[in-house]
Amino acid sequence: MDGDLNLSMFRAYDIRTPSAKLTPDLAARLARAEAVYFRHTLGVGGVVLAHDARQTGPAYLSIAAEEFVAAGLEVVVIPCACSTPMLYFAAMQHPEWAAIMIGASHNPPGDTGQKILGPDVFPVARGIGPEGGLDRIQELYEADARPPRSARGRIMAHDPADAYVQYSLGLAGVRPGGLRGIRVVHDYLYGAAGRDLMLGFARAGADLVPLHFTADGAFPLGAPNPVIPHVTAPGQETLREAGALLGTFFDGDGDRIDFYRGDGAYLSSSFVYAGILPLIRERFAGPGWVVFADLKCNPLALIRMAATGVSVRVIRNGHSQIKFSMIQEPSAIGTVEESAHFYEAFTLGGRTRYCTENSLYTALLVTRAWAEDPARFDELLDVQATTCRAREWGYRFPSDTARAEALRAVEEHFAAQGARAMHEMDNGMDLEATLMRRGLPFSIDASTTPGDDWLQVCQRISQSEDGLARWEIVGASPSIVNTARQEIAECVRRFGAGEEYRG
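Position in the sequence shown counted from 1, then plus 13, gives you our numbering.
What follows is the structure, given as structure tokens:
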């Protein structure tokens, strides 16, 4: 049945699949299942639809829109390539409805997928959402559930760009013209973020050098993933020659952002967040606030976050799970993932706590903070330089059993060296990964002092790629990190690990 129905497209966080495996008939079947879920489980009367830069996006959006209209739903369509954060903003403008983003983030050009939201921008994922969320949609899909006959809904166009730009500028504290004279390089990797970022930075008056800004689903540079060196190489060269304050690189759907100083020095996401958190705290004043940081974040950056007066807690990976955890924790104001995702509890129109992402706001805020106090970011780069990081990589395994055995062997190896392992968040929720630390406590505050040989190793099963396990290491020195990396490679080789994978 899996081969016929492509059940493997139902992932932990969202839907991801090669486009070739989601035929028009299966896409219509999926949309009918979603229509039943939206109408009878969520009780909504409409849905907001958008697609990213992928070539298959318009066709999948048209199929979904027709099935939703036939089911009696009102359909608001953003009729051009759209970044995922701008779709989230459109969903905030229609909080009583569901929403779907059709796209596949940083995946290869031939992939597609969906990110699904319920009312109030609530994530719908496996085990998250009424009646099991995505699990229930899968059940309806397998059963070929069909909504009852109803009067047809309507399809309406909506362009949120102007409101999104105005909202993001105001939230970032950037007046029109407020970044005049600030040169920045943006590389959109032919993804969907070019339009809204260019509009926003133009209104801010920045001296923007935009690269690969036209949405092109062929992705001429390669998979639109800012972690792949050959994909970002042209942008890196431009950055070094541009005399810019900083460079910003986006993924295919614009919800992943990497930041570099003008000389090409990379600042990891946890340190970037530590740099902008004092400005965020101006809007979230007083004690008692919580910031989540995913388990890969650099512990030295967490210490600096804690110095702003917030409580910093470890959180599991995954956009849907992070948003759900923030919704469940009213004191949570934001989250950073070391994979270059930034989340916040936003307000619009008197409603509070839309826990989601806004890349335009984040890029504007980082640019403002960097321009106002470049020494702060120079200091953070200096602190980062006292550590060493092996950015996330992975291996594919011949079976789930072999992968599980490899993960167990790696954990046992580092436990024998004195590392402790963490498998659950403070609230008891499964991390869906393992965080190992040596020379560091799991609870970090402003007074934490790491040991001279501290090491942090994170490992997890990929929820969006088949047969893959991922690792990331950060530690006190290159020798410590390189040794740990070699030891992991030796451990997993015994269980049939393939060639090293990045992406």
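Idealized CB from N, CA, C, for every residue including glycine.
Measure the alpha-carbon distance for residue i versus residue j and round it to whole angstroms.
{"i": "Pro98", "j": "Gln430", "result": "42 Å"}
{"i": "Ala382", "j": "Asp200", "result": "20 Å"}
{"i": "Ser324", "j": "Asp307", "result": "14 Å"}
{"i": "Gly301", "j": "Arg165", "result": "49 Å"}
{"i": "Leu43", "j": "Ala112", "result": "14 Å"}
{"i": "Gly464", "j": "Arg450", "result": "11 Å"}
{"i": "Asp268", "j": "Pro237", "result": "12 Å"}
{"i": "Asp17", "j": "Ala158", "result": "16 Å"}
{"i": "His354", "j": "Glu512", "result": "27 Å"}
{"i": "Arg416", "j": "Gly480", "result": "7 Å"}
{"i": "Ala287", "j": "Ala185", "result": "16 Å"}
{"i": "Gly260", "j": "Ile150", "result": "40 Å"}
{"i": "Gln397", "j": "Arg167", "result": "53 Å"}
{"i": "Glu351", "j": "Leu315", "result": "11 Å"}
{"i": "Ala255", "j": "Asn311", "result": "29 Å"}
{"i": "Asp466", "j": "Arg507", "result": "27 Å"}
{"i": "Asp395", "j": "His426", "result": "31 Å"}
{"i": "Arg389", "j": "Phe305", "result": "22 Å"}
{"i": "Asp220", "j": "Leu420", "result": "47 Å"}
Which whole-angstrom value describes the C-beta separation of residue i and residue j, a residue pair presumed to lie in contact below a C-beta threshold of 8 Å?
{"i": "Gly126", "j": "Thr30", "result": "6 Å"}
{"i": "Val198", "j": "Leu224", "result": "7 Å"}
{"i": "Leu100", "j": "Ala63", "result": "4 Å"}
{"i": "Ala403", "j": "Val494", "result": "5 Å"}
{"i": "Gln469", "j": "Ile486", "result": "7 Å"}
{"i": "Val222", "j": "Val285", "result": "No, Val222 and Val285 are not in contact; Cβ-Cβ is about 20 Å, not under 8 Å."}
{"i": "Arg253", "j": "Asp276", "result": "7 Å"}
{"i": "Met438", "j": "Val303", "result": "In fact, because the Cβ distance is near 12 Å, the residues do not count as touching under 8 Å."}
Can you find the residues in the same chain that come closer than 8 Å, C-beta to C-beta, to residue i, ignoring five residues on each side of it along the sequence?
{"i": "Gly183", "result": "none"}
{"i": "Val57", "result": "Phe51, Leu86, Glu109, Trp110, Ala111, Gly131, Pro132"}
{"i": "Ala358", "result": "Met339, Ala345, Ile346, Gly347, Thr365, Arg366, Tyr367, Cys368"}
{"i": "Leu35", "result": "Asn19, Met22, Leu43, Tyr73, Thr125"}
Assign residue i to buried or exposed, taking buried as 16 or more other Cβ atoms, counted over all protein chains shown, within 10 Å of its Cβ.
{"i": "Leu20", "result": "exposed"}
{"i": "Asn330", "result": "buried"}
{"i": "Asp413", "result": "exposed"}
{"i": "Pro239", "result": "buried"}
{"i": "Glu295", "result": "exposed"}
{"i": "Pro143", "result": "exposed"}
{"i": "Pro160", "result": "buried"}
{"i": "Thr69", "result": "buried"}
{"i": "Ser492", "result": "exposed"}
{"i": "Asn120", "result": "buried"}
{"i": "Arg208", "result": "buried"}
{"i": "Ser96", "result": "buried"}
{"i": "Gln341", "result": "exposed"}
{"i": "Met169", "result": "exposed"}
Leaving out the 5 sequence neighbours to the left and right, which residues in its chain are closer than 7 Å to residue i when beta-carbon positions are compared?
{"i": "Ile501", "result": "Val423, Trp484"}
{"i": "Ala446", "result": "Leu308, Arg329, Asn330, Cys471, Gln472, Arg473"}
{"i": "Val187", "result": "Ala217, Leu377, Arg381"}
{"i": "Phe272", "result": "Leu259, Thr261, Leu280, Val285, Val379"}
{"i": "Tyr514", "result": "Trp406, Gly407, Tyr408, Arg409, Leu481"}
{"i": "Lys336", "result": "Pro136, Tyr356, Cys368, Thr369"}
Can you name, in chain order, every residue of its own chain whose Cβ lies under 6 Å from the Cβ of residue i, other than the five neighbours on each side?
{"i": "Ala40", "result": "Tyr73, Ile76"}
{"i": "Leu290", "result": "Met318, Thr321"}
Do residue i and the ligand NAD come close, with the Cβ less than 7 Å from some heavy atom?
{"i": "Ala72", "result": "This structure simply doesn't include the ligand NAD, nor any ligand for that matter."}
In chain order, each alpha helix (DSSP H) run of at least 4 residues that lies wholly inside the segment 317-404: 332-341, 372-385, 387-398
Contained alpha helix (DSSP H) runs [length at least 4] in the segment 112-179, N- to C-terminal order: 147-155
Any alpha helix (DSSP H) of 4 or more consecutive residues that is wholly inside the segment 415-453: none
Inside the segment 32-71 only - beta strand (DSSP E) runs reaching at least 3 residues: 59-64
Length at least 3, wholly inside the segment 224-292: the beta strand (DSSP E) runs in chain order: 259-263, 270-274
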